[in-house]
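This report refers to the structure that appears directly beneath it.
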Amino acid sequence: MEIAKRRGFFWPSFSFYGGESGFYDFGPVGTLLKDRFLMLFKRSYLREGGIFIDTPTVTPKRVFQASGHLEKFEDLAVKCSRCGRYDRIDSSLKKSSIARESTTLEDAISLIGEGKLICAYCGGKIVSAEMMSQMFRVERGKDNDPYYLRPETAQGIFVNFKLLLNQNRGKLPMIVCQYGKGYRNEISPRQALLRQREFFMAEVEVFLDPEAGWTRDSPEDIVLTLLPNSGNKLRTSAKSAHESGVIPNRGMAYFIYITYSILRKCGIPEEGIRFRQHRKSELAHYARDAWDAEAVIDDDWVEIVGIADRGDYDLRKHSDFSGEPLTAEGGIVPVVVEPAYGVDRITMAVLSSSYYVRENGFKVMRLPPEISPYIVAILPLQIRDGLDAIARDLFAKLMDLNDYVAYDESGSIGRRYARQDEIGTPYCITVDYQTKEDSTVTIRERDSTSQIRVKISDLTGYPILQNAILMKELSALSLSASKK
RNA sequence: GCAGGUGUAGUGUAGUCUGGUCUAGCACGGGAGCCUUCCAAGCUUCCGACCCGGGUCCAAAUCCCGGCACCUGCACCA
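One point on numbering: in the working numbering, the residue at position 477 of the first sequence is 478, and numbering is uninterrupted.
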């Protein structure tokens with residue numbers, strides 16, 4: 002998507018020094034878009050009673066020893082001399098009929114020295130072994146354990162369980178949210194923001210009483226596309242999917258619904274969202290069930306949100322490792338439902354599904370006002386006769402009400418509309434000659450390009466709902482536009 | 001990580017095969033100005049690139065080697 006770079010959504014990082022694969026920058030426009038997604042995320046979970054936390058990305062080793070990440074992430078990999086494949090050592094051991102484990106590099110090298118290890122795929126001879134770590138290690142003093150960069154933000158929540166529960170005054174369910182960077186040392190990052198080594202995630206851990214569980218249902222009338230691992234695609238509400246046993250965990254069903262509604266608010270169309278259940282074999286080490294929200298990005302279905310039933314795995318692991326009980330009132334260990342949003346991937350999905358080319362070849366990002374980088378742009382028809390002064394004045398007034406307002410006076414009016422179309426600004430307010438006479442301006446709606454005329458006092462007089470400037474006129478406009 | 005392909009201004013490209021006429025052309029974009037009373041108009045002017053490093057050669061955007069990045073396939077993606 003060349004528009005992504007040209008218009009400042011995102012671009013490869015460090016290109017000044019030749020580039021570095023697996024890292025991307027968000028540009029001026031993309032930063033605002035991401036910002037607005039995070040606002041939507043926050044708002045959505047505050048409504049559910051969520052609390053927020055912000056913990057370090059640099060994490061001491063023992064946290065991941067406890068969580069199981071160290072074990073699952075640091076694979077001993079062996080290389081085959083014939084087919085050149087890298088593979089985990091356990092499959093090679095099995096193939097070689099060696100009935101023991103090999104967990105250290107030294108041990109693996111001595112096995113290779115004996116010449117007994119063969120490749121699980123082609124039977125070729127194994128020639129080398131190395132540690133493949135999916136986590137970035139950060140060295141510190143040589144007598145100290147290294148730090149690791151977190152591969153998920155979740156552990157920052159689990160290790161704070163007691164403090165958080167106290168903050169929540171002991172109540173379950175407790176919904177804890179955290180967003181921030183995560184890191185994975187991908188072997189071959191590719192496809193722009195889809196597989197990065199450093200990426201942005203927004204995660205939620207819902208702690209539930211294992212007996213009571215989650216007690217609210219999602220609405221019946223919101224119908225989702227589900228792809229259970231039984232293989233039969235179905236369209237149904239999250240509620241009835243739970244009742245029919247397709248989604249055994251009620252909390253899972255509910256947060257699948259919440260996720261769906263967030264994605265819809267981002268402008269991803271109904272037919273571009275589906276929820277796919279993991280097969281048993283692809284479940285993460287901590288999960289007993291998982292559903293991915295997938296969206297269409299450049300004609301492929303891509304995981305953009307992972308919703309996992311982590312059970313009591315994490316609290317038990319940390320409890321065992323530390324010797325500290327991690328329980329709620331009554332000595333119970335809560336179970337956890339985790340929706341984890343890949344913010345970069347969601348950004349890609351949003352851009353991909355919003356992108357539209359008009360018949361005249363002009364490009365439009367049909368982003369909804371809920372997440373567009375700018376909600377409205379102020380444009381003087383001409384930079385003369387005082388029109389620009391009026392426009393600047395109006396700009397200042399609107400900025401008092403909402404921060405996501407753009408101002409542009411450069412080039413012809415058509416060119417400026419086109420610029421705003423490309424970055425997804427849903428509405429443009431134009432100050433013209435009639436403004437001088439009766440203090441009215443036109444509002445142009447992006448998708449229909451139709452306009453209505455309203456009084457400036459009506460624009461600025463409304464109590465502004467958060468991020469939803471001009472709601473009255475705009476909804477009226479959208480209606481009349483869609484009739485056209 | 002392996003194999004193949006690609007790499008020229010912010011974007012898209014011409015030039016590369018057949019080294020010199022390239023102090024690198026064009027379009028879009030962006031800036032300044034003129035003009036213009038609503039959808040990328042026009043005019044003037046400016047900005048801006050041969051991915052990096054070696055080598056061959058009188059001479060390299062062009063040929064060779066190495067690196068880096070991107071694309072496609074394979075592998076990987078807890």
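For glycine and all other residues, C-beta sits at the position ideal for the given N, C-alpha and C.
Here the structure is a predicted model, which means the values were calculated and not measured.
Residue i bridges to which residues according to DSSP?
i	result
Asn179	The amino acid at residue 179 is misidentified as Asn; the sequence shows Gln. Glu204, per the DSSP bridge assignment.
Tyr184	Glu199
Asp299	In the DSSP output, where bridge partners are listed per residue, Asp299 has none listed.
Ile444	Ile430, Ile453
Asp290	Asp310
Tyr418	Answer by DSSP bridge pairing: none, since Tyr418 is not bridged.
Pro374	Partner(s): none; Pro374 has no beta bridge.
Thr56	None; Thr56 has no bridge partner.
Return the Cβ separation of residue i and residue j in integer angstroms, given the expectation that the two are a contact with Cβ distance under 8 angstroms.
i	j	result
Arg367	Gly273	Not quite, the Cβ-Cβ distance comes to about 13 angstroms (not below 8 angstroms), so this is no contact.
Gly23	Gln197	5 angstroms
Tyr405	Ile376	5 angstroms
Phe137	Tyr149	7 angstroms
Met349	Leu194	5 angstroms
Arg191	Gln135	About 16 angstroms; that fails the 8 angstroms criterion.
Ala254	Ser219	7 angstroms
Ser334	Arg317	Note that residue 334 is Val in the sequence shown here, rather than Ser. Between Arg317 and Val334 the Cβ distance is about 6 angstroms, and since that is below 8 angstroms, they are a contact.
His286	Gly69	5 angstroms
Cys429	Gln435	With a Cβ gap of about 16 angstroms, Cys429 and Gln435 do not count as contacting.
Lys398	Thr328	Wrong, their Cβ atoms sit about 55 angstroms apart, outside the cutoff.
Val336	Leu164	About 19 angstroms; that fails the 8 angstroms criterion.
Phe74	Pro152	7 angstroms
Quick check: what's the CA-CA separation for residue i versus residue j?
i	j	result
Gln168	Gly331	18 angstroms
Gln383	Ile414	8 angstroms
Ala469	Ser282	Because Ala469 carries a pLDDT of 46, less than 50, the predicted location of this residue cannot be relied on, and no value is offered for it.
Arg280	Ser16	39 angstroms
Val247	Ala288	17 angstroms
Ala341	Val207	11 angstroms
Val338	Ala309	6 angstroms
Ser189	Glu21	12 angstroms
Leu71	Phe65	5 angstroms
Glu140	Arg63	14 angstroms
Val442	Thr431	6 angstroms
Glu212	Ile119	49 angstroms
Pro381	Ser449	20 angstroms
Ile453	Glu271	29 angstroms
Gly312	Pro174	14 angstroms
Trp302	Ser353	12 angstroms
Arg265	Glu423	21 angstroms
Gly425	Pro369	8 angstroms
Val358	Ala296	20 angstroms
Leu1	Ala291	In the structure as shown, the chain starts at 2 and stops at 485, and residue 1 therefore has no counterpart that could be examined.
Glu371	Gly387	33 angstroms
Lys35	Glu115	54 angstroms
Leu166	Glu325	15 angstroms
Ile99	Asp108	13 angstroms
Arg48	Lys437	44 angstroms
Val351	Gly171	38 angstroms
Gly343	Arg385	46 angstroms
Asp300	Asp146	44 angstroms
Ile90	Asp409	60 angstroms
Ser245	Arg236	13 angstroms
Tell me which residues share the same chain as residue i and place their Cβ nearer than 6 angstroms to its Cβ, disregarding the 5 neighbours each side in the sequence.
i	result
Ala5	Phe11
Asp293	Arg277, Glu304, Gly307
Lys234	Leu228
Ala407	Tyr375, Ala378
Gly31	Phe10, Phe11
His243	Arg251, Ala254
Gln467	With a pLDDT of only 37 at Gln467, under the threshold of 50, the placement of this residue in the model should not be trusted, and no figure is reported.
Leu178	Checking the displayed sequence, the identity of residue 178 turns out to be Cys instead of Leu. Excluding residues within five positions, the ones whose Cβ falls inside 6 angstroms are Tyr46, Gly51, Phe53, Val205.
Gly181	Thr154
Leu33	Pro374
Ser355	Gly268, Met366, Arg367, Leu368
Ile263	Ser45
Within the same chain, show all residues whose beta-carbon is closer than 7 angstroms to that of residue i, passing over the 5 residues directly before and after it, in chain order.
i	result
Pro464	In this prediction, Pro464 scores a pLDDT of 45, lower than 50, which makes its location untrustworthy; the coordinate-derived value is nonetheless stated afterwards. Excluding sequence neighbours, Pro464 sits near nothing in its chain.
Thr260	Ala294, Val306, Ile308, Pro340
Lys456	Ser440, Thr441
Skipping 5 residues on each side, what residues in its chain have a beta carbon closer than 8 angstroms to that of residue i?
i	result
Phe322	Arg63, Gln66, Ala67
Ser238	Ser219, Pro220, Glu221, Asp222, Ile223, Val224, Leu225, Tyr258
Ser411	Arg417
Given 8 angstroms as the limit, is there contact between the region 223 to 242 and the region 198 to 215, that is, 3 or more CB pairs closer than that?
-> The region 223 to 242 makes no contact with the region 198 to 215: fewer than 3 CB pairs, one atom from each, lie closer than 8 angstroms.
Indicate whether the contact test is met: 3 or more Cβ pairs, each with one atom in the region 52 to 59 and one in the region 149 to 159, closer than 8 angstroms.
-> yes
Assess, as a yes-or-no matter, whether the region 392 to 412 is touched by the region 356 to 364 under the definition of 3 or more beta carbon pairs within less than 8 angstroms.
-> Fewer than three beta-carbon pairs drawn from the region 356 to 364 and the region 392 to 412 are found closer than 8 angstroms, and the two stretches are therefore not classed as touching.
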